[in-house]
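Number of protein chains: 2
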Amino acid sequence: MGQQTTTRATIFDVAQRASVSIKTVSRVVNREPNVRDKTRQKVEQAIAELQYRPDSSARNLARQRSHLIGLIYDDPAAYELPSSGYIIRMQQGALRACRERMHELLIHPCNPRERGVGATLRNLIESARLAGVVLAPPLSNMTRLVRAIQETGTPFVRISPGLKVRNDRCVATNDLEISADMVDHLASLGHERIAFISGDDTHLAVGNRYDGYREGLRRNGLKLIPELVVAGDNSFDSGAAAARQLLGLDARPTAVFCANDDMAAGVVRAASKLGVSIPDQISVTGFDDIVMARQMDPRLTTIRQPLARMTERAVKMLLQGDGSDLFECIPAELKIRESTGPAPRY
Amino acid sequence: MGQQTTTRATIFDVAQRASVSIKTVSRVVNREPNVRDKTRQKVEQAIAELQYRPDSSARNLARQRSHLIGLIYDDPAAYELPSSGYIIRMQQGALRACRERMHELLIHPCNPRERGVGATLRNLIESARLAGVVLAPPLSNMTRLVRAIQETGTPFVRISPGLKVRNDRCVATNDLEISADMVDHLASLGHERIAFISGDDTHLAVGNRYDGYREGLRRNGLKLIPELVVAGDNSFDSGAAAARQLLGLDARPTAVFCANDDMAAGVVRAASKLGVSIPDQISVTGFDDIVMARQMDPRLTTIRQPLARMTERAVKMLLQGDGSDLFECIPAELKIRESTGPAPRY
DNA sequence: TACAAAAAAGACAGCGCTGTCAATTGAGGC
DNA sequence: GCCTCAATTGACAGCGCTGTCTTTTTTGTA
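Chains as they are written, first to last, in our numbering: chain U, 1 to 346; chain E, 347 to 692.
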């Protein structure tokens, strides 16, 4: 229809067309108060006619901060981790909140072992003048990084397992509690010899899961049997190896609680190779609810962290403005499926 | 150490400290020519002392474009797709190139079925003044979206399977050719009855895979047997269903080529439930090389698309400046593993 | 030593918006 | 109708940088 001027309309063009000052246009665009209805309409019409879109760069410069939220997480490329689901879910939540608040999401995977990450991070945050930063685990528990971000003075929220509150904003989940609940579930099925395969403990989360396991045993009147606690490294293979070890025991466990789903998948594989049937002879549970958990046979009983809701909440905290909410816990969920069943009778 | 002034250093502060004009500082920062070595050093020292970081907003405003690259892809949240690995790999490649070129990556999943996506996209691109846009499949083949982006006049590159070149920049992969290669592989193992499970064809890619399958049959002197071509929908379950159908045939196929790994996993599951052993009784191949492909038992023979390298290349094209490269094809790779073996003798 | 030409450095006007504060208008009370 | 006060609206100075054009300095040459 209308002829496209070669240059984009600016706030000035709109003001002229609506016969008001640019400040009034600014008020309308930013939904500021003190604009008469009739004026607003005039302006809105001019905006529509000119297809005016505020220029973020100019706005950012004037406001002294951008409309960008940074999501910072452990770079999977640095390790070959199959953690894509984890990351995607966090991105999804953050994106939801960003959209709602008219912000955009900048993703910034980073390798914490690299020299100078702190400086790089500071540089990004300061030069882009990020409106806020969400720091995902396990980075959220690395003092060096947290400090680097603090130094910029930019608002940030840590996504953190566990409850370690500091003086900054944090969204957590009840991973310790829910791990104990998983033990409850197993205990209620009659299991007494419940093994635990732990993971790589750079993830603080993993420690919490173990603590939850112990808490679960305690409150179900079960005692911790040292030989049933095996160290894994979060990988499928380490799960399989741990399973072989556990299944070789004279007194086998009747259930295995794995600190993550990958290891649980390894356990399932190893068990089926050894002809041990799940859940008839041994129950297996994981943690994370990765996509594969629903595609395994049997489908894996596991724990689903509310990752998307956590980052969504985090971004909202950031954009709320008031530093009110300092801490929030969003509960994880037990997903009971077919890999757990009644304890076998001997 | 040094006292932190409460406000950040600006280019003006640096200029003053180095006793030069702001323009000279700008030249140094942007590596422009015509700066004497001695001057440069003076400026660099001042920059270091003041911890000066150029303000992107100001720079973007002056330059009339941002340092942001937009990566636009099909929103997995809109479908419950387990496509996270696919997305992460594309992000990784784009991020690599962005870092190298001092740009940042904005991710923008979008649901093409939604009303007004085009407008939203235009709005994003224009108001953020993106430096460039990378459009991932299957969006890269949707005329409506491509047109919306074209209208903004912002440089963009389509990541596309197949070779359908238009007049814009595009990074492709040889999915048709490599699919035919997969058939070569099966044929070389003695297979003659090779089934194909197709996927959802909103992904143009899927059509190419089927074409490649047919091409492969042709060049190996095998004829297409209609009852061996079954429609799936890219899901695990549809793969399993298709497998049951194929295995129920009087004249079973000895190999199944699935248009993606999820379906292949479904096939493997269904086969093992039916007591059909892989690869002894039937060979199975997939497409995508998802993480699970390496964790299945047997590990899945499949095709790996160079997703990361494709987006990396795309971003580089964008930032190259010269509109030279219009089309580039990066070859996919055959990953031969244990799910394929010699055809059974009857 | 002098002079033209090239190289280096600077001056300054924007880029398109928001924030502050001043000016104008409208409403209500007398 | 006039005055006061609050509600609206406008004027204008930045925000921190880059692009263009001008001025100054240096280099090469006769």
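Note that beta-carbon positions come from the ideal geometry of N, C-alpha and C, so glycine has one too.
Quiz item: What residues from chain U crowd round E:A474, counting only those whose CB sits closer than 7 Å?
Solution: Chain order gives the chain U residues near E:A474 as S56 and E104, where near means a beta carbon separation below 7 Å.
Practice problem: Pick helix, strand or coil for E:R555, following the three-state DSSP scheme. | Solution: In the structure shown, E:R555 adopts helical secondary structure according to DSSP, grouped into three states.
Exercise. Would you tell me roughly how many angstroms separate the C-alpha atoms of U:R65 and U:A58, rounded to the nearest one?
Key: Between U:R65 and U:A58, the C-alpha separation is close to 10 Å.
Quiz item: Apart from the five residues on each side of it in sequence, which residues of its chain come closer than 8 Å, Cβ to Cβ, to E:S697?
Solution: For chain E, the structure presents residues 347 to 692; residue 697 of chain E sits outside this window and is missing.
Self-check item: Residues of its chain near E:Y559, where Cβ-Cβ distance is below 7 Å and the 5 sequence neighbours each way are ignored
Solution: Closer than 7 Å at the Cβ level, and outside the excluded window around E:Y559, lie S525, V529, F542 and F603.
Quiz prompt | Any C-beta of chain E under 9 Å from that of U:G199 | solution = No - not a single Cβ of chain E is within 9 Å of the one on U:G199.
Quiz item: Should U:L249 go down as buried or exposed, given a rule of 16 or more other Cβ atoms within 10 Å for buried?
Solution: That one is exposed.
Practice problem: Please classify U:T10: does DSSP put it in a helix, a strand, or coil? | Solution: DSSP, read as helix, strand or coil, puts U:T10 in coil.
Quiz item: What are the boundary residues of the alpha helix (DSSP H) that U:K316 is part of?
Solution: In this chain, the alpha helix (DSSP H) harbouring U:K316 covers L307 to Q320.
Exercise. Please compile the residues from chain U whose C-beta is within a distance smaller than 7 Å of the C-beta of E:A423.
Key: Going along chain U in sequence order, the residues near E:A423 (Cβ under 7 Å) are Q92.
Quiz item: So E:V576 and E:A588 are in contact, right, with Cβ under 8 Å, and what is the actual spacing, rounded?
Solution: 4 Å between Cβ atoms; contact.
Quiz item: Taking 9 Å as the CB-CB cut-off, is U:D280 touching chain E?
Solution: Under the 9 Å criterion on CB atoms, U:D280 is classed as non-interfacial with respect to chain E.
Quiz item: Is DSSP giving U:F327 helix, strand or coil here?
Solution: Strand.
Self-check item: Whole-number beta carbon distance between E:I453 and U:Q91, since they are thought to touch under 8 Å
Solution: About 7 Å separates the CB atoms of U:Q91 and E:I453; that is less than 8 Å, so the two are in contact.
Self-check item: Reference E:E573, options E:A597, E:N580, E:R564 and E:Q362, closest by Cα
Solution: Nearest neighbour of E:E573 by Cα position, chosen from E:A597, E:N580, E:R564 and E:Q362, turns out to be E:A597.
Quiz prompt | Unbroken stretches of the alpha helix (DSSP H), 4 residues or longer, contained in the segment 42-119 of chain U | solution = Listed in chain order, they are 56-63 and 84-100.
Quiz item: From U:F327 to U:P54, what distance separates their C-alpha atoms?
Solution: Taking C-alpha positions only, U:F327 is separated from U:P54 by approximately 35 Å.
Quiz item: Going straight from the alpha carbon of U:L334 to that of U:G85, what length do you get?
Solution: Cα to Cα, U:L334 sits roughly 18 Å from U:G85.
Quiz item: Can you give the Cα-Cα distance for E:I676 and E:M656, rounded to whole angstroms?
Solution: The straight-line gap from Cα to Cα measures roughly 7 Å.
Self-check item: Residue-chain proximity (E:M638, chain U), Cβ-Cβ < 9 Å
Solution: E:M638 counts as touching chain U.
Quiz item: What are the partner residues of E:P690, as DSSP defines its beta bridges?
Solution: Note: E:P690 sits in no beta bridge, so no partner.
Practice problem: Label U:T7 either buried or exposed according to how many other C-beta atoms from any shown protein chain fall within 10 Å of its C-beta, with 16 as the threshold for buried. | Solution: With fewer than 16 Cβ atoms within 10 Å of its Cβ, U:T7 is classed as exposed.
Quiz item: Are any of the Cβ atoms in chain E nearer than 9 Å to that of U:G85?
Solution: Under the Cβ distance rule, U:G85 counts among the residues neighbouring chain E, one pair being separated by less than 9 Å.
Quiz prompt | For E:E472, the three-state DSSP class (helix, strand or coil) | solution = DSSP places E:E472 in helix when its eight states are reduced to three.
Exercise. Please state whether DSSP places U:T254 in a helix, a strand or coil.
Key: Reduced to three states, the DSSP call for U:T254 is coil.
Practice problem: Anything in chain U within Cβ reach of E:R354, meaning under 9 Å, just list it in chain order. | Solution: Per Cβ cutoff of 9 Å: E126.
Quiz item: Under 9 Å Cβ-Cβ, which residues of chain U neighbour E:D643?
Solution: Going along chain U in sequence order, the residues near E:D643 (Cβ under 9 Å) are R269, S272 and K273.
Quiz item: Can U:A94 and U:V315 be called in contact, C-beta distance under 9 Å?
Solution: Contact: yes.
Practice problem: Indicate whether at least one CB of chain E lies closer than 9 Å to the CB of U:P109. | Solution: Yes, contact with chain E.
Quiz prompt | Residues in the segment 568-595 of chain E having any Cβ partner in chain U nearer than 8 Å | solution = Taking 8 Å as the Cβ-Cβ cut-off against chain U, the residues of the segment 568-595 of chain E that qualify are F582.
Quiz item: Taking the continuous beta strand (DSSP E) assigned at U:V291, which residues delimit it?
Solution: Going by DSSP, U:V291 is part of no beta strand (DSSP E) at all; its letter is neither H nor E.
Practice problem: For chain U, find out if any of its Cβ atoms is closer than 9 Å to the Cβ of E:A611; answer yes or no. | Solution: At least one chain U Cβ lies under 9 Å of E:A611.
Self-check item: Rounded C-alpha distance that separates E:P422 from U:R96
Solution: So the alpha carbons of these two residues sit roughly 13 Å apart.
Quiz item: So is E:I434 in contact with chain U if we call contact Cβ pairs under 9 Å?
Solution: By this cut-off, E:I434 is an interface position.
Quiz prompt | Whole-angstrom distance between E:R363 and E:G348, CA atom to CA atom | solution = Because E:G348 sits at a pLDDT of 37, beneath the cut-off of 50, its placement in the model cannot be relied upon, and the point is left open.
Quiz item: So, does the CB of U:R147 fall closer than 9 Å to a CB anywhere in chain E?
Solution: So, not an interface residue.
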